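Residue numbers for the sequence shown follow the numbering used here, so the first one is 887 and each next one is one higher.
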Amino acid sequence: MSASVTHAGGHTAADRRLHFFSTLKTVVSDLINIRNQNRLLLVIFSNVNKDKVDGCVDRLAAALDKFNVILSNSSIYALLT
Numbered sequence: 887m888s889a890s891v892t893h894a895g896g897h898t899a900a901d902r903r904l905h906f907f908s909t910l911k912t913v914v915s916d917l918i919n920i921r922n923q924n925r926l927l928l929v930i931f932s933n934v935n936k937d938k939v940d941g942c943v944d945r946l947a948a949a950l951d952k953f954n955v956i957l958s959n960s961s962i963y964a965l966l967t
């Protein structure tokens, strides 16, 4: 039997991993949905899609922060491009 270690905020490392991977799954799904849009819609709604991508970056940054991995938004953008 292994003991679970609870960190600040009352979340175990396993809880943080589950939250991170759940967030990562939804971010990837959102980005795939944007990528799969008709090219004309991508151009017409570029600002809306940029806002969606920015939201994905923000959610990913927050999940990484909770997972104790600190990256700047510019580093995350570099990973996405």
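Even glycine gets a Cβ: it sits at the ideal position worked out from N, Cα and C. Note that the structure is predicted; figures quoted are calculated from it, not measured.
Can you tell me whether residue i is buried or exposed? The criterion is at least 16 other CB atoms within 10 Å of its CB, across all chains shown.
| i | result |
| --- | --- |
| V943 | buried |
| V913 | buried |
| A949 | buried |
| F907 | exposed |
| L946 | buried |
So what's residue i in DSSP terms, helix, strand or just coil?
| i | result |
| --- | --- |
| N924 | coil |
| F953 | coil |
| F931 | coil |
Does any C-beta atom of chain B lie closer than 8 Å to the C-beta of residue i?
| i | result |
| --- | --- |
| K936 | Any reference to chain B falls outside this structure, which holds one protein chain only. |
Are the region 898 to 910 and the region 934 to 941 touching, with three or more C-beta to C-beta distances below 8 Å?
no
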